[in-house]
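Below you'll find the structure, written out as structure tokens, and then a few comments.
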Amino acid sequence: MTLWKLSAGTASVIGKKRIKSEALPNTAYIMLGGKCRNNCSFCSQSQSSSARGDLLSRVTWPAFDANEITSGISSAYSKGDLKRVCLQVVNSENSWDATLEAVRKLSEDGPKPICVSNHIADTGQAAEMIAAGAERICIAMDAATSEIYQLVKGQDWEEKLHLLQECASTFPGALTTHLIIGLGETEEEAVNFIADCIELGITVGLFAFTPIPGTAMADKRPPSISHYRRVQIAHYLMRKGYCRSAIRFANGKISSCNVSDLAKMLADGKAFETTGCADCNRPYYNERPGGIMYNYPRPLTRKEVEQAITESGIGGVSYDLACS
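Read left to right, the sequence shown gives residues 1 to 324 (UniProt numbering).
Below, the structure is given as structure tokens:
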């Protein structure tokens with residue numbers, strides 16, 4: 001029997017687990033692979049981590065029979081309860097073959113949007129995964145700069161960035177990457193990384209650094225909500241077509257933006273919702289129920305929008321992020 005791990009929310013959607021949540025996932029999140037061969041300082045699955053093996057960020061991942069998962073996802077997808085599948089693959093022995101098998105299995109009853117976040121060595125492997133049925137490939141950079149990448153991942157930034165760019169050129173519109181805010185980057189560094197990706201047609205999913213017991217970064221604090229909100233707003237503006245030059249900085253921090261009536265543009269709250277692939281809402285991946293909501297997994301209420309704008313520094317007579 002082949003076992004796959006599901007996020008607790010996904011298990012609830014397909015009837016394998018009961019949880020209480022104000023927002024369930026729109027995407028089926030599946031984790032494949034065993035102990036990782038990499039040693040990312042922030043990750044519960046890293047080689048040196050002593051964290052629980054069923055954790056990734058704050059999410060628990062119970063294991064179920066792959067056939068039951070496939071059947072449950074197909075049923076939920078046909079009813080519209082799930083809109084895509086996301087494979088989070090731990091870089092472990094045999095994980096590549098297991099991922100190809102999983103993509104093919106999930107596609108057996110008809111194509112559905114599948115994103116694979118996996119260790120990709122070259123464009124040939126990306127092509128193989130897309131041919132198997134993957135709609136998107138995620139190459140997670142995580143860090144905004146070479147120095148931070150080396151510090152927290154211990155790998156070659158330029159090599160991985162070149163691969164991301166090469167895959168984006170070879171497979172236009174099919175690449176996603178992740179950026180973790182709070183690893184030590186300035187807001188200007190985060191914005192420049194996001195802008196570079198958007199210019200190449202790469203979708204960026206923003207994450208807030210989450211300290212996990214048992215990892216090397218367990219004692220590091222998560223980002224301030226004001227830091228995160230400003231990056232979210234800049235990301236949103238660039239997704240809407242504004243150039244990076246519309247964002248202005250002072251000592252690495254966003255100080256102003258050349259956008260008319262920014263508050264009106266932010267009024268629908270979309271800037272503060274989860275970002276990444278379409279229909280990816282990752283409920284409580286970085287958040288605790290009742291705690292700070294870095295990424296909202298659902299539309300915001302008017303009160304929540306006002307709070308998020310206030311957290312960014314917008315509002316009142318004087319504010320940090322001004323429009324001019």
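Every residue, glycine too, gets a C-beta built ideally from N, C-alpha and C.
Item checked: Residue closest to K153, alpha-carbon to alpha-carbon, out of E311, C40, D279 -> C40
Next item on the list: Can you give me the start and stop residues for the beta strand (DSSP E) that C277 sits inside?
Entry: Where C277 is concerned, there is no enclosing beta strand (DSSP E), given that its DSSP letter is neither H nor E.
Margin query: Considering only DSSP beta bridges, list what S226 is partnered with.
Written below: None; S226 has no bridge partner.
Check: So is K264 buried or exposed if we call it buried at 16+ other beta carbons inside 10 Å?
Finding: exposed
Check: For D268, which of K253, G252, E304 has the nearest alpha-carbon?
Finding: E304
Next item on the list: Taking M129 as the reference, give the member of N192, T301, V89 with the closest Cα.
Entry: V89
Item checked: Element boundaries [beta strand (DSSP E), containing Y29] -> 27-32
Item checked: Limits of the alpha helix (DSSP H) - the one that G214 falls within -> Unbroken run through G214: none, as it is neither H nor E.
Note to self: So if DSSP puts R248 in a beta bridge, which residue, or which two residues, is it bridged to?
What the structure shows: S256
Note to self: Can you confirm whether the segment 190-206 touches the segment 161-175 when touching is taken to mean that 3 or more C-beta pairs between the two stretches lie within less than 8 Å?
What the structure shows: yes
Notebook entry, point to check: Over what stretch of residues does the alpha helix (DSSP H) that includes K264 continue unbroken?
Noted result: 262-265
Checklist line | C-beta atoms of I30 and L87 nearer than 8 Å | finding: yes
Next item on the list: Could you give the DSSP three-state label for V85: helix, strand or coil?
Entry: strand
Item checked: I73 versus A250: straight-line alpha-carbon distance, rounded -> 48 Å
Check: Where does K270 sit, in a helix, a strand or coil, going by DSSP?
Finding: helix
Next item on the list: Give the C-beta separation of A143 and Y149 to the nearest angstrom, bearing in mind that I take them to be a contact with Cβ-Cβ under 8 Å.
Entry: 4 Å
Check: Do the segment 227-245 and the segment 186-195 make contact, defined as three or more Cβ pairs closer than 8 Å?
Finding: yes
Next item on the list: Kindly identify the DSSP beta-bridge partner or partners of W61.
Entry: For W61, which the question treats as bridged, DSSP gives no partner whatsoever.
Notebook entry, point to check: Per the contact definition of three or more C-beta pairs closer than 8 Å, is the segment 61-79 in contact with the segment 6-14?
Noted result: yes
Check: Who are the Cβ neighbours of S226 in its own chain at under 7 Å, not counting the five residues just before and after it?
Finding: E311, S312, G313
Checklist line | DSSP state of L179 mapped onto helix, strand, coil | finding: strand
Check: Going straight from the alpha carbon of L179 to that of G205, what length do you get?
Finding: 6 Å
Item checked: Classification of Q45 by the beta-carbon crowding that lies within 10 angstroms, buried from 16 upward -> buried
Notebook entry, point to check: In whole angstroms, what is the alpha-carbon distance linking N67 and T2?
Noted result: 8 Å
Check: What runs of the beta strand (DSSP E), each 3 residues or longer, lie entirely inside the segment 70-148?
Finding: 84-89, 114-117, 136-138
Checklist line | Reduced DSSP category for S318 - H, G, I as helix; E, B as strand; rest coil | finding: Bear in mind that the predicted position of S318 carries a pLDDT of just 29, short of 50, making it unreliable; the figure below should be weighed with that in mind. In the structure shown, S318 sits in coil (DSSP, three-state: anything other than H, G, I, E or B).
Notebook entry, point to check: Helix, strand or coil: which one does DSSP assign to G9?
Noted result: helix
Next item on the list: Using the Cα positions of V103 and A132, report the straight-line distance between them to the nearest angstrom.
Entry: 6 Å
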